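Below is one structure; the comments refer to it alone.
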Amino acid sequence: MIDLSIRPAVQVVFVFLTTVSPMTQVAANQPQSETLLRLPAVLAKVPVSRATWWNGIKSGRFPAGVKLGPRTTCWRASEIDALIRSL
Numbered sequence: 001m002i003d004l005s006i007r008p009a010v011q012v013v014f015v016f017l018t019t020v021s022p023m024t025q026v027a028a029n030q031p032q033s034e035t036l037l038r039l040p041a042v043l044a045k046v047p048v049s050r051a052t053w054w055n056g057i058k059s060g061r062f063p064a065g066v067k068l069g070p071r072t073t074c075w076r077a078s079e080i081d082a083l084i085r086s087l
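What follows is the structure, given as structure tokens:
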């Protein structure tokens, strides 16, 4: 007998994967060699707090991110590397 309690979890994963596809299209517009970094990866390279990072973006000291969705922001690795070289 098949356990049907697993089926809803599979459906949720499928819905999640289909929801990600528009973000993939946005990322596909980036050059092939460009790497996008999420905030934890950026803060691992630039040792400042989250609040300092966001205030730096607002003031123009740090590069603005690329919006992939309403709650998802990434930064181009090349811009972060250039920032590190300029410090």
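Under our numbering, think of the first position of the sequence shown as 1, with each following residue one higher.
Beta carbons: idealized from backbone N, C-alpha and C, even for Gly.
Remember, predicted model here, so these are calculated numbers, not experimental data.
Non-local beta-carbon contacts of residue 42 in its own chain, meaning distances under 8 Å to residues more than five positions away in sequence, involve 53, 75 and 80 in chain order. Approximately 6 Å separates the beta-carbon atoms of residue 66 and residue 36; this is inside 8 Å, confirming the contact. Contact check for residue 63 and residue 87: beta-carbon distance about 13 Å, past the 8 Å limit, so the pair fails to qualify. Residue 72 has 69 as its beta-bridge partners, per DSSP.
Taking residue 77 as reference, the option from 49, 85 and 70 with the minimal CA-CA separation is 85.
Under the three-state reduction of DSSP output, residue 83 falls in the helix class.
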